[in-house]
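What follows is a single structure, written as structure tokens, with notes after it.
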Amino acid sequence: MAEYDDLIKRAEQLGVPVHSVVYKPSLQITDYELHRRIREEERHRREHQLWIVAVISAVIAVPAAIAGACKDIWAS
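So the sequence shown is numbered by the working numbering: it starts at 16 and just counts up by one.
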């Protein structure tokens, strides 16, 4: 039961609902469903962070490409 309690704590940290939200709101979800929701939320957060890194990389790459093109033009 300690594992389930740890899962509940992790779910609450992530903001994942630990009760059924559709059928019976007072009914706790199964261990499998809790694992699935936690994995899905962690994946979502990871993908969101990677998306931010990709946008920052693109923003940095544009001025670098422009500077490279200008260098070639001025060198001619």
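Cβ atoms here follow ideal geometry from the backbone N, Cα and C, with glycine treated the same way.
Item: Cβ neighbours of residue 48 in the same chain (closer than 7 angstroms, five flanking residues each side left out); Value: none
Item: Inter-stretch contact at 8 angstroms, needing at least 3 Cβ pairs: the region 17 to 37 / the region 52 to 61; Value: yes
Item: Cβ neighbour criterion (16 or more within 10 Å) applied to residue 44; Value: buried
Item: Through-space distance from residue 71 to residue 88, alpha-carbon basis; Value: 27 angstroms
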